[in-house]
Each structure stands twice: as C-alpha cells, then as structure tokens.
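Engineer: Note that my numbering has the sequence shown beginning at 3, numbered continuously upward.
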Amino acid sequence: MLCVLQRVKSGSVSVIHSSEKQQISEGLVIFIGVQKGDTEGDILALVEKIVKLRVFQDKTTNKEFDKSIEDINGEVLVVPEFTLLGDCSKGRRPEFILAENYHQAKVLYDKFVHLLRQKLHGGDMRVKEGVFGAEMLVEIHNVGPVTFILNTRGSNK
C-alpha cells in the first residue's frame, strides 16, 4: 500500500456531480493507493504506523513532530487514489499496472478505513472518507507544509 499523508489545518472532499461532501478540521488527509498483492497485513501495519506517527507540534512546548493524531484528538480524511501507483517512467501516458483491480482494491480500502476507525478513539466521528471510484474535488490546507509518503513495500515505512 502506498499513501501520502498530509498534516492539515482543515480538509474536505466533494464528489463531483453530487452534493456529497466530507470535511475535517485539524488532522491528517491520507491519499491511499492499493497495490497488487497488498494484504490485510499491509493494512494493519499502515494503520498502526499512522495512528502512532508523531507529525504534530506540541503546542505547549512548540516542539515539532512530538504529537500523534491520537495525542491531538485530530480528525482524518481518507481519499482513495489509485493514481499514486501510476508509472510515468515510459512514454507520456501513465501506466497503472501496479494498481490492484477495482474490486479487490475497494475491499482492502474499506478494511483500511474500518480498522483506522477502530484504532482511533471515537473513530466513527473522527474518520471521514471520499468515495471509492468517484471523481472528487479535494481541498487541503496543509500546515508546514508537512507531507510524508508511507509505503508498506518500500523504504518509507
């Protein structure tokens, strides 16, 4: 699994051609791509990392990268994005041969969101999500900017 994690002051996702919109205040926006061969073990590892990763400032000491999403009681917006797995190394058109097929990717994405909600105290209210397979408009107010890439198969774990 590959995800881009951004520390935000706020974020939102709106489904194009729909009135559906999700928004969060301070927390994380997570773009996630499911790669062929990803497993529930990858989901577990990624969720454990995200919940404990210290990417927020301690407001009492001003110490950077001292607090986790749980520590600040922040919110999370999960956005499915298969284009993270696009290979642009050849030609002028991305290839998506690394991306898992739609149905399997949706199953794993749904499990990721479900587990994230379970791991975060009050997760049902704190974890929002985009719509898998939909065209969406994403607004992000990145603080820092702070952006990390997490890859269950690579060096960015």
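Even glycine gets a Cβ: it sits at the ideal position worked out from N, Cα and C. The model shown is predicted, which means the values in this text are computed figures rather than measured ones.
Applying the 10 Å Cβ sphere with the 16-neighbour rule, what's the burial state of Asp73?
Structural biologist: The sequence position of residue 73 within the sequence shown is 71, counting from 1. So Asp73 ends up on the exposed side.
Engineer: Under the assumption that Gly13 contacts Ile26 (Cβ atoms under 8 Å), give the Cβ distance between them as a whole number of angstroms.
Structural biologist: Locating residue 13 in the sequence shown gives position 11, counting from the first residue. Locating residue 26 in the sequence shown gives position 24, counting from the first residue. Rounded, the Cβ-Cβ distance is 5 Å, consistent with contact.
Engineer: Take the Cβ of Asp44 as the centre, count every other Cβ of all protein chains shown within 10 Å, and call the residue buried at 16 or more, exposed below.
Structural biologist: Residue 44 sits at position 42 when you count from the first residue of the sequence shown. Answer is buried; the Cβ neighbour count reaches 16.
Engineer: Quick check on Ile71: buried or exposed, where buried means 16 or more other Cβ atoms within 10 Å of its Cβ?
Structural biologist: In the sequence shown, counting from the first residue as 1, residue 71 sits at position 69. Counting Cβ neighbours within 10 Å, Ile71 comes out buried, since at least 16 surround it.
Engineer: Could you work out which residue in Glu97, Leu87, Lys54, Asn64 is closest to Val76 when comparing CA atoms only?
Structural biologist: Along the sequence shown, read from residue 1 onward, the residue named residue 76 stands at position 74. In the sequence as displayed, the identity of residue 76 is Gly instead of Val. Here the closest residue by C-alpha is Lys54.
Engineer: Between Met3, Glu28, Gln37, Lys130, which lies nearest to Ala101 when the distance is taken from Cα to Cα?
Structural biologist: Counting from one through the sequence shown, the residue named residue 101 turns up at place 99. Per the Cα distances, Gln37.
Engineer: In chain order, what residues of the same chain lie with their CB nearer than 7 Å to the CB of Val17, ignoring the 5 residues before and after it?
Structural biologist: Position 15 of the sequence shown, counted from the first residue, corresponds to residue 17. Around Val17: Val133, Ala136, Met138.
Engineer: Between which residues of its own chain and Lys113 is the CB-CB distance below 7 Å, once the five residues before and five after are set aside?
Structural biologist: What you label residue 113 is simply residue 111 of the sequence shown in a count that begins at 1. The answer, listed in chain order, is Glu42, Ile45.
Engineer: Counting C-beta neighbours from all protein chains within 10 Å, is the total for Tyr104 16 or more, i.e. buried, or is it exposed?
Structural biologist: For this step, residue 104 is matched to residue 102 along the sequence shown. Exposed.
Engineer: Can you grab the Cα-Cα spacing for the pair Val115 / Val80, in whole Å?
Structural biologist: Numbered from 1 along the sequence shown, position 113 holds the residue referred to as residue 115. Numbered from 1 along the sequence shown, position 78 holds the residue referred to as residue 80. Roughly 7 Å separates the two Cα atoms.
Engineer: By the 10 Å Cβ neighbour count, where 16 or more other Cβ atoms means buried, how is Phe33 classified, buried or exposed?
Structural biologist: If you number the sequence shown from 1, residue 33 lands on position 31. With 16 or more other Cβ atoms within 10 Å, it is buried.
Engineer: Just how far apart, CA to CA, sit Ile87 and Leu4?
Structural biologist: Within the sequence shown, residue 87 is the residue found at index 85, counting from 1. Within the sequence shown, residue 4 is the residue found at index 2, counting from 1. Checking the displayed sequence, the identity of residue 87 turns out to be Leu instead of Ile. Going from the Cα of Leu87 to the Cα of Leu4 covers about 8 Å.
Engineer: Do Val78 and Val6 have their CB atoms nearer than 8 Å?
Structural biologist: Numbered from its first residue, the sequence shown carries residue 78 at position 76. Numbered from its first residue, the sequence shown carries residue 6 at position 4. Their beta carbons are not under 8 Å apart, which means Val78 does not touch Val6 by this criterion.
Engineer: Might you give, ordered along the chain, the residues of its own chain that have their beta carbon closer than 7 Å to the beta carbon of Gly125, omitting 5 neighbours on each side?
Structural biologist: Here residue 125 corresponds to residue number 123 of the sequence shown, with the count starting at 1. Once the five neighbours on either side are set aside, the close Cβ partners of Gly125 are Leu118, Arg119.
Engineer: Measuring straight from C-alpha to C-alpha, what distance separates Glu66 and Asn144?
Structural biologist: Mapped onto the sequence shown, residue 66 falls at position 64. Mapped onto the sequence shown, residue 144 falls at position 142. Near 15 Å, if we compare the C-alpha coordinates of Asn144 and Glu66.
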